[in-house]
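**Q** Below you'll find the structure I mean.
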Ligand code: DC
């Protein structure tokens, strides 16, 4: 069983996907984290964004577990270094390159293989696993998404400004939805859930009941 959970930044997809993975006892693939890792390594190795495919030759390793996606570079766990808005912005810039998207999607398919997984991203249901048994697309208002991101970064000790976050979210939405190839949109057979006024538990319960109905 594969469950695709897509949605924009701050829609709650990470928290929901992680909790689903934990409750179902299956692997969790956070594709956004992997995009971030590629963008981070690209910058670290002084590569131009257009050269991001070269990162596939670098010692970058992704390990999946229940409720965890871990990324190692040269043997060191780097997930903590990937949370900033700056890395998110760089990830969204490399994400517009079609050759990179094609390559990273096959990397994701290879990583999960025939196994069961909750796959979180922007295109998990449209391009990575179009055959997923369940596709969920989470949304929330831009203001609510900015508020959540603000709280999340603050709790990680990262200094942030709410207005700046809202601006970055709106810019990122614009770039992610308007890119000419692979524009970010829900799969036709995805169930759209607006999480603006829902708690994490409410969203998780809703998805679990959809799984019971379908699988
Ligand atoms: O989910 P996130 O905010 O960590 O993702 C960072 C960026 O990576 C996001 O702005 C767009 C890109 N991305 C993507 O294009 N496709 C994915 N499946 C995951 C992330």
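Numbering (this note's numbering), first residue to last: 505 to 719.
For each residue, glycine too, the CB sits at the ideal point set by N, CA and C.
#1: CB residue 638 to CB residue 714, shorter than 7 Å?
#2: Quick one: give me the first and last residue of the alpha helix (DSSP H) that residue 609 is part of.
#3: Look up residue 693 in the DSSP assignment and say whether it is helix, strand or coil.
#4: Using a threshold of 6 Å, is the CB atom of residue 629 nearer than that to any non-hydrogen atom of the ligand DC?
#5: Can you grab the Cα-Cα spacing for the pair residue 581 / residue 710, in whole Å?
#6: Quick one, which of 549, 512 and 506 has its alpha-carbon nearest residue 723's?
#7: Check each candidate in 584, 624 and 617 and name the one with the smallest Cα separation from residue 521.
#8: For the alpha helix (DSSP H) containing residue 539, name the first residue and the last one.
#9: Within the continuous beta strand (DSSP E) that includes residue 702, where are the two ends?
**A** According to the data block:
#1: Taking 7 Å as the Cβ cut-off, residue 638 and residue 714 qualify as a contacting pair.
#2: Counting along the chain, the alpha helix (DSSP H) containing residue 609 begins and ends at 602 to 616.
#3: In the structure shown, residue 693 sits in coil (DSSP, three-state: anything other than H, G, I, E or B).
#4: Checking the Cβ of residue 629 against the ligand DC gives no.
#5: Their backbone Cα atoms lie some 33 Å apart in a straight line.
#6: The structure shown does not extend to residue 723, since the chain spans only 505 to 719, so no value can be given for it.
#7: Ranked by how close their Cα comes to the Cα of residue 521, the residues 584, 624 and 617 have 624 in first place.
#8: First-last of the alpha helix (DSSP H) with residue 539: 535 to 548.
#9: Premise fails: residue 702 is in no beta strand (DSSP E) and is neither H nor E.
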